[in-house]
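K.L.:
The structure's right below; bear with me while I get my questions together.
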Amino acid sequence: MKISEITPFIGAEFTGFTYEDLQQQDVFDQLTDRLARHQLVVVRGLELTPEQQIALAKRLGRPVPFVIGKYRHPVHPEIMISSNEVRDDKPVGVARVGNFWHQDSTFVADPAPYTMLHGVNVPSTSGHTLYASALDIYDRLPQEWKDKLAGRTGVHTVAKRLRIRSEHVGLSVAEFRALIDIEHPKVRHPMVQTDEGTGRPYLYGSREYMDSVEGFDHNENEEFFSLVDGLLADEDHVHTHRWTPHDLVIWKTRTTFHQATEVEPGVPRTVHRISIEADA
Ligand SMILES: [Fe+2]
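Residue numbers (the numbering used here): 24 to 303.
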C-alpha cells in the first residue's frame, strides 16, 4: 500500500488499497486529510459495488440524488450514470458532460462540496479527465489582477451551457433567455475565497459558468476570462488522469477545476458519479 503526491499543485494517489483497507479509520483519515490538503484523491483500481461506493460517500457527507431522474442508477438514486453505452436501444446514462473547464455547480447557491467518480468500465486510451487547482490558478494571477479581484463578486449562471430542448422550439431568443433566468436564476459568490484545508486563497469561477464579475465592464470581463483560460491551458499546471479499471476519484468541487475529454468513437465508457453534500 502506497500514498504519493501526484503533482506539486494537485492530487494524492492511493495504490494497493482495498475496500476493506478503507474501512479502517486510520486509513480513511489519511484519505480525508489528503483530500483536504491536495484537493483531489485517486484510489487506483478499487473494486466496489454500488452499495460500497455509496457507503464511502456517506463517510464524507450526504450523497444527493441527481436532478434528472432518468440518469439515476435504477436501484441507487444517489448514483448518476455517466455513460455512452446503449442497452435495449436506450442510453444507459448521460453521455459526455463537462468537456470544458469548470468547478462543479458554481451556478447554484450552495454547491455540494465533493464529487466522487468510480470507473466502472473505462478505456485508458481516451476519456481522460483533466484537473487544475484553483489555489494554483490564484497564485499565478498577476498581482494587478489579484488586486482587481479582491473583494469582488462573481455572477454565475448555467445559461452558456444549457441545451435547447424540444419544448423550447418556437421561442424567440429573448423569450428563451427570459425562461432561463426564471428556471436557473443567476447566483453570486465571492471571486476569491479561502480553502479550509490549506488556509490558501483560491479563484472561484471561470468563463463557462460565469456571466460576469460584478462591476467589470465588457472588456474587463473578457480580459479576465481570457486570462483564466490561459492559466488553465498551461500544461505544466494541468494533471491528466488516465483512467485504469475501477479507479475511485474524489475531489473538492470548490478548489478543483476539471474538464472531461473526448472518448474515441465506438469505445464504451461508464462511470458512476456521486455528488456529496456536507452533513447538515
Ligand atoms: Fe464537473
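Glycine is no exception: its CB is placed at the ideal position from the N, C-alpha and C atoms.
None of the values given here were measured: they were computed from a predicted structure.
1. Any heavy atom of ligand 1 within a distance shorter than 7 Å of the CB on D234?
2. Give a yes or no on whether the C-beta atoms belonging to E243 and K183 are separated by under 8 Å.
3. By Cβ distance, which residues of its chain are closer than 8 Å to P73, with the 5 residues on each side in sequence left out?
4. So for Q282, helix, strand or coil by DSSP?
5. Short of 7 Å in beta carbon distance, which residues of its chain neighbour R60, apart from the five on each side in sequence? Order them along the chain.
6. Taking the DSSP output, what are the residues bridged to A155?
7. Can you tell me where the alpha helix (DSSP H) holding Q62 begins and where it ends?
8. Are the segment 144 to 154 and the segment 279 to 299 touching by the rule of at least three beta carbon pairs closer than 8 Å?
9. Quick one, what's near ligand 1 if you take every residue whose CB is closer than 6 Å to any heavy atom, in chain order?
10. Measure the CB-CB distance between Y42 and Q126 and report whether it falls below 8 Å.
11. Can you tell me whether V236 is buried or exposed? The criterion is at least 16 other CB atoms within 10 Å of its CB, across all chains shown.
12. Comparing C-alpha positions only, which one of A283, E258, G174, S189 sits nearest to I238?
13. Given this structure, state the Cα-to-Cα distance separating P213 from G289, to the nearest angstrom.
14. Since H260 and A132 are thought to touch, with beta carbons under 8 Å apart, how far apart are those beta carbons, to the nearest angstrom?
15. Under the rule that 16 or more other beta-carbon atoms within 10 Å means buried, what is K113, buried or exposed?
16. Assuming A135 and T276 form a contact by the criterion Cβ under 8 Å, report the distance between their Cβ atoms to the nearest whole angstrom.
17. Under DSSP, the beta strand (DSSP E) around W274 begins and ends at which residues?
18. Which whole-angstrom value is the C-beta distance of V115 and E108, which I expect to be below 8 Å?
19. Could you pull the start and end residues of the beta strand (DSSP E) that V178 belongs to?
20. Confirm, please, whether the CB-CB distance from A157 to F280 is below 8 Å.
21. Which residue's Cα is closest to the Cα of D302: V215, G84, V50, R57?
22. Mapping the DSSP letters down to three states, classify F130 as helix, strand or coil.
23. So what does DSSP say about N144, is it helix, strand or coil?
24. Tell me which residues share the same chain as Y161 and place their Cβ nearer than 6 Å to its Cβ, disregarding the 5 neighbours each side in the sequence.
P.N.:
Concretely, from the data shown:
1. Here residue 234 refers to the residue found at position 211 of the sequence shown. Every heavy atom of ligand 1 is 7 Å or more from the Cβ of D234, so no.
2. Start at 1 with the first residue of the sequence shown, and residue 243 comes out as number 220. Start at 1 with the first residue of the sequence shown, and residue 183 comes out as number 160. No, Cβ-Cβ distance for E243 and K183 is not below 8 Å.
3. Start at 1 with the first residue of the sequence shown, and residue 73 comes out as number 50. Counting only Cβ-Cβ distances below 8 Å, and skipping sequence neighbours, we find H96, V98, H99, I102, H295.
4. Here residue 282 refers to the residue found at position 259 of the sequence shown. Looking at Q282 - three-state DSSP - the assignment turns out to be strand.
5. In the sequence shown, the residue the question calls residue 60 occupies position 37. The answer, listed in chain order, is G220, T221.
6. Within the sequence shown, numbered from 1, the residue matching residue 155 stands at position 132. Answer is F280.
7. The count along the sequence shown starts at 1 and reaches residue 62 at position 39. Per DSSP, Q62 belongs to no alpha helix (DSSP H) and is neither H nor E.
8. yes
9. G121, H125, D127, H281
10. The sequence position of residue 42 within the sequence shown is 19, counting from 1. The sequence position of residue 126 within the sequence shown is 103, counting from 1. No; because the gap between Cβ atoms is not below 8 Å, this pair is not in contact.
11. By one-based count along the sequence shown, residue 236 stands at place 213. Result: buried.
12. What you label residue 238 is simply residue 215 of the sequence shown in a count that begins at 1. Before going on, a small fix: residue 238 reads as Gly here, not Ile. Closest option to G238, Cα to Cα, is G174.
13. Your numbering for residue 213 matches position 190 in the sequence shown. Your numbering for residue 289 matches position 266 in the sequence shown. Going from the Cα of P213 to the Cα of G289 covers about 42 Å.
14. To locate residue 260, count along the sequence shown from 1; it is residue 237. To locate residue 132, count along the sequence shown from 1; it is residue 109. Contact flag wrong, Cβ pair sits at about 29 Å.
15. For the purposes of this step, residue 113 is identified with residue 90 of the sequence shown, where counting begins at 1. Label assigned to K113: exposed.
16. Numbered from its first residue, the sequence shown carries residue 135 at position 112. Numbered from its first residue, the sequence shown carries residue 276 at position 253. That belief holds up - the Cβ atoms of A135 and T276 are roughly 6 Å apart, short of 8 Å.
17. Position 251 of the sequence shown holds residue 274. Unbroken beta strand (DSSP E) run through W274: 271 to 275.
18. Counting from one through the sequence shown, the residue named residue 115 turns up at place 92. Counting from one through the sequence shown, the residue named residue 108 turns up at place 85. Right, their Cβ atoms sit about 4 Å apart.
19. Here residue 178 is taken as the residue at index 155 of the sequence shown, counted from 1. 176 to 179 is the span of the beta strand (DSSP E), which, as asked, contains V178.
20. Sequence index remark: in the sequence shown, residue 280 carries index 257 (1-based). Sequence index remark: in the sequence shown, residue 157 carries index 134 (1-based). Cβ distance < 8 Å, so F280 and A157 count as in contact.
21. Translated into positions along the sequence shown, residue 302 becomes position 279. The option with the nearest alpha carbon to D302 is G84.
22. Position 107 of the sequence shown, counting from 1, holds the residue named residue 130. Here F130 sits in coil by DSSP.
23. For the purposes of this step, residue 144 is taken as the residue at position 121 of the sequence shown. Strand.
24. If you number the sequence shown from 1, residue 161 lands on position 138. P224, Y225, L226, listed in sequence order.
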